[in-house]
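Visitor: After the structure tokens below, expect a handful of questions from me.
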Amino acid sequence: MGKFFGISSIIALTAVPVILWLRIEPLALRFGGPDLFLISLGRLAALTGIVLFSLNLMLSARSRVSERIFGGLPRVYAVHRTVGALAFILLLFHPLLLVSRALEISLAAAAGFLLPEGYLAKDLGIYALSLMIILLILTFFVSVRYETWKNSHRFMGLAFFLGALHAFMIPSDISRDTTLRYYILFVVSLGGASFVYRTVFGFWTDRKFEYEVIGKKTLLDNIIEFTLKARKRAMEYRPGQFVFASFKVRGLPRQSHPFSISSDKSGNEFKLTIKNLGDYTGRLHEVKTGDLVTIEGPFGRFGYENLRNKKQVWIGAGIGVTPFIGMIEKLAKDPDKDYKVDFYYCTRNAKEQEIIGNLVGRAEKTGGFSFIPHYSDEYGRINAGFISSRTKDAKERDFLVCGPPALMRSLRSQLNGIGITNGRIHMEEFNLN
396 MGKFFGISSI IALTAVPVIL WLRIEPLALR FGGPDLFLIS LGRLAALTGI VLFSLNLMLS
456 ARSRVSERIF GGLPRVYAVH RTVGALAFIL LLFHPLLLVS RALEISLAAA AGFLLPEGYL
516 AKDLGIYALS LMIILLILTF FVSVRYETWK NSHRFMGLAF FLGALHAFMI PSDISRDTTL
576 RYYILFVVSL GGASFVYRTV FGFWTDRKFE YEVIGKKTLL DNIIEFTLKA RKRAMEYRPG
636 QFVFASFKVR GLPRQSHPFS ISSDKSGNEF KLTIKNLGDY TGRLHEVKTG DLVTIEGPFG
696 RFGYENLRNK KQVWIGAGIG VTPFIGMIEK LAKDPDKDYK VDFYYCTRNA KEQEIIGNLV
756 GRAEKTGGFS FIPHYSDEYG RINAGFISSR TKDAKERDFL VCGPPALMRS LRSQLNGIGI
816 TNGRIHMEEF NLN
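For the sequence shown, the residue numbers in the working numbering are 396 to 828.
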């Protein structure tokens with residue numbers, strides 16, 4: 396399955412209540428005048444908005460089903476952000492479109508319609524929307540610590556609960572049409588269950604593991620490699636995947652952040668190579684051998700073995716090299732003569748490439764692996780011209796890319812420009828919040 400199947404599913408699930416709504420009354424009664432037209436649009440906005448809100452809670456649950464449907468967690472979260480924005484816009488326009496009838500009376504009547512007035516069924520909707528607005532203001536316009544933002548986001552479940560109560564208590568098409576009512580109840584129940592699963596029972600999911608730090612190594616001034624060992628149950632993973640890790644260190648925020656696994660599969664142990672990129676990662680030097688780590692995962696479908704085409708180009712920029720380290724280890728240990736890989740490692744200078752040590756040399760001995768270093772201090776930012784001048788058959792290959800989002804967007808556009816379609820460009824980025 397891929398991203399387009401997932402998006403098609405969302406569109407279909409959102410279209411169902413629209414179709415059910417259209418069959419309840421003749422269209423002439425729905426759209427027989429400007430006022431009725433706006434009111435009908437307001438009702439449709441509510442139906443589609445509550446469905447998208449429910450689906451968004453399902454997407455945020457980090458389930459295997461969502462990963463399989465969309466082709467990896469990064470894609471799930473990209474869709475999650477878009478669906479969340481659409482749900483909010485629709486739910487915001489729901490009361491604004493309905494207020495047209497009150498505007499015919501006076502501005503005061505319209506204002507009164509948008510404010511609580513002691514009618515619980517209606518007021519619940521106002522409370523839900525107000526809470527959503529506050530939470531989104533915190534997200535986009537107020538600079539708060541990650542931990543504060545994450546905790547505040549839990550109140551989105553309360554907004555959803557209040558909104559769902561409003562939908563079922565207020566006299567509406569939902570209350571008078573059995574089929575529509577049960578469909579909305581079904582979708583809302585799935586959304587609510589997903590939220591409870593993620594926030595209340597998340598610790599007991601089968602994708603959480605307890606590990607211990609058994610090794611810590613400073614690779615560069617701002618990059619640390621941690622070796623982790625399972626305390627009991629070990630996690631099964633493939634090279635190229637990533638995990639959410641929460642280090643249990645006194646004074647360190649109990650936050651969960653995504654990090655690529657930087658090792659091949661090796662029993663009860665694996666490695667995380669982490670760069671200081673902010674408040675949380677900047678404090679990971681405080682982690683000591685013997686400290687515990689909660690691991691959730693693995694996630695992602697980024698990996699050379701997931702592709703049918705065995706002629707590939709790998710591009711790792713900066714700390715974006717980490718998923719490739721395990722992949723190179725796997726290729727070095729388990730050589731496959733059918734693979735033909737050109738690996739571009741992009742850093743500012745040669746010193747920064749010490750992070751991969753002698754690993755590349757081992758892989759090159761397999762015969763099908765070529766290492767091509769790129770130094771931005773010397774060549775500038777890597778581009779499609781640099782790649783096609785060294786990989787002559789670039790148009791026949793699949794590309795795996797991991798690095799800063801701006802670089803990946805630029806590379807995608809350039810690769811498209813030389814005839815490489817998006818279906819052959821596979822990117823991993825951790826914009827998951």
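For each residue, glycine too, the CB sits at the ideal point set by N, CA and C.
#1: For the stretch 546 to 584, list the beta strand (DSSP E) runs that are entirely contained and at least 3 residues long, ordered along the chain.
#2: Where residue 688 and residue 681 are concerned, what is the direct C-alpha to C-alpha distance, given to the nearest angstrom?
#3: Apply the 10 Å Cβ neighbour rule to residue 773 and answer buried if 16 or more other Cβ atoms are within range, or exposed otherwise.
#4: Restricting to runs no shorter than 3 residues, where is the beta strand (DSSP E) found entirely within the stretch 592 to 655?
#5: So does the stretch 481 to 500 actually touch the stretch 438 to 448, counting three or more Cβ pairs closer than 8 Å?
#6: Could you check the C-alpha separation between residue 406 and residue 604 for me, to the nearest Å?
#7: Assuming residue 831 contacts residue 738 under a Cβ cut-off of 8 Å, what Cβ separation, rounded to an integer in Å, is found between them?
#8: Taking the alpha carbon of residue 660 as the reference point, which residue from 404, 703 and 722 has its own alpha carbon closest?
#9: Tell me whether residue 533 sits in a helix, a strand or coil according to DSSP, three-state version.
#10: Which same chain residues, not among the five before or five after residue 594, have their C-beta less than 7 Å away from its C-beta?
#11: Residues in its own chain within less than 6 Å of residue 425 by CB, not counting five upstream and five downstream?
#12: Using a Cβ-Cβ cutoff of less than 6 Å, which residues in the same chain neighbour residue 843 once the five nearest sequence positions on both sides are dropped?
#13: Any contact between the stretch 445 to 462 and the stretch 470 to 484? By contact I mean 3 or more CB pairs, one from each, below 8 Å.
#14: Pair every Cβ in the stretch 523 to 533 with every Cβ in the stretch 556 to 575, then say whether three or more of these pairs are closer than 8 Å.
#15: Answer with buried or exposed for residue 581, where buried requires no fewer than 16 other C-beta atoms within 10 angstroms of its C-beta.
#16: Please list, in chain order, all residues of the same chain as residue 404 whose beta carbon is under 8 Å from its beta carbon, the five residues on each side excluded.
#17: Comparing alpha-carbon positions, which option in 585, 578, 588 and 667 lies nearest residue 614?
#18: For residue 728, which of 714, 749, 578 and 757 has the nearest alpha-carbon?
#19: Out of 503, 652 and 699, state which residue places its alpha-carbon closest to the alpha-carbon of residue 675.
#20: Starting from residue 452 and walking both ways along the alpha helix (DSSP H), at which residues does that stretch end?
#21: Could you say which of 690, 684, 579 and 744 lies nearest to residue 628 if we only look at CA atoms?
#22: Using the C-alpha atoms, what's the distance from residue 814 back to residue 619?
#23: Give the secondary structure of residue 657 by DSSP, where H, G and I count as helix, E and B as strand, and everything else as coil.
#24: At the level of alpha carbons, what is the spacing between residue 607 and residue 643?
#25: So what does DSSP say about residue 745, is it helix, strand or coil?
#26: Going straight from the alpha carbon of residue 827 to that of residue 498, what length do you get?
#27: Where does residue 466 sit, in a helix, a strand or coil, going by DSSP?
#28: Once DSSP output is grouped into helix, strand and coil, what is the label at residue 490?
#29: Based on Cα-Cα distance, which residue from 648, 796 and 547 lies nearest to residue 532?
#30: On the DSSP letters alone, give me the boundaries of the beta strand (DSSP E) that residue 795 sits inside.
#31: When you compare the stretch 411 to 426 with the stretch 462 to 478, are there three or more beta-carbon pairs, one atom per stretch, that lie closer than 8 Å?
#32: Sorted by chain position, which residues of the same chain lie with C-beta nearer than 6 Å to residue 658's C-beta, five sequence neighbours on each side aside?
#33: For residue 566, is the classification buried or exposed, using 16 other Cβ atoms within 10 angstroms of its Cβ as the cut-off for buried?
Guide: Straight from the coordinates:
#1: Secondary structure remark: continuous beta strand (DSSP E) runs of at least 3 residues inside the stretch 546 to 584: none found.
#2: Roughly 13 Å separates the two Cα atoms.
#3: By the 16-neighbour rule on beta-carbons within 10 angstroms, residue 773 is exposed.
#4: As far as the stretch 592 to 655 is concerned, its whole beta strand (DSSP E) runs of at least 3 residues are 603 to 615, 618 to 625, 637 to 643 and 652 to 655.
#5: The stretch 481 to 500 is in contact with the stretch 438 to 448.
#6: Near 35 Å, if we compare the C-alpha coordinates of residue 604 and residue 406.
#7: Because the chain is modelled from 396 through 828, residue 831 falls outside the range shown and cannot be assessed.
#8: If we check each option's Cα against that of residue 660, 722 comes out closest.
#9: Taken through DSSP and simplified to helix, strand or coil, residue 533 comes out as helix.
#10: For residue 594, where only same-chain residues beyond five positions count, the Cβ hits under 7 Å are 549 and 552.
#11: Cβ within range, chain order: 435.
#12: Coverage of the chain is limited to positions 396 through 828, which leaves residue 843 absent and any answer about it impossible.
#13: At 8 Å Cβ cutoff, the stretches touch.
#14: Taking a cut-off of 8 Å on C-beta distances, the stretch 523 to 533 touches the stretch 556 to 575, as three or more cross pairs fall below it.
#15: With fewer than 16 Cβ atoms within 10 Å of its Cβ, residue 581 is classed as exposed.
#16: In chain order, 464 place their CB closer than 8 Å to the CB of residue 404, counting only its own chain and leaving out the 5 sequence neighbours on each side.
#17: For residue 614, the nearest C-alpha among the options comes from 667.
#18: Cα-wise, what sits closest to residue 728 is 757.
#19: Closest option to residue 675, judged by alpha-carbon separation, among 503, 652 and 699: 652.
#20: Bounds of the alpha helix (DSSP H) holding residue 452 are 429 to 454.
#21: Sorting 690, 684, 579 and 744 by C-alpha distance to the C-alpha of residue 628 places 690 at the top.
#22: Answer to the nearest angstrom: the Cα atoms are 38 Å apart.
#23: Correct three-state label for residue 657: coil.
#24: Spanning the two alpha carbons is a distance of roughly 10 Å.
#25: In the structure shown, residue 745 adopts coil according to DSSP, grouped into three states.
#26: With a pLDDT of only 45 at residue 827, under the threshold of 50, the placement of this residue in the model should not be trusted; the figure read from the coordinates follows. Roughly 42 Å between the two C-alpha positions.
#27: Here residue 466 sits in coil by DSSP.
#28: Note: residue 490 maps to helix in three-state DSSP.
#29: Out of 648, 796 and 547, 547 has the C-alpha closest to the C-alpha of residue 532.
#30: For residue 795, the enclosing beta strand (DSSP E) begins and ends at 793 to 797.
#31: Contact between the stretch 411 to 426 and the stretch 462 to 478 is absent, because fewer than three Cβ pairs lie under 8 Å.
#32: For residue 658, where only same-chain residues beyond five positions count, the Cβ hits under 6 Å are 665, 666 and 721.
#33: Exposed, by the Cβ-count rule.
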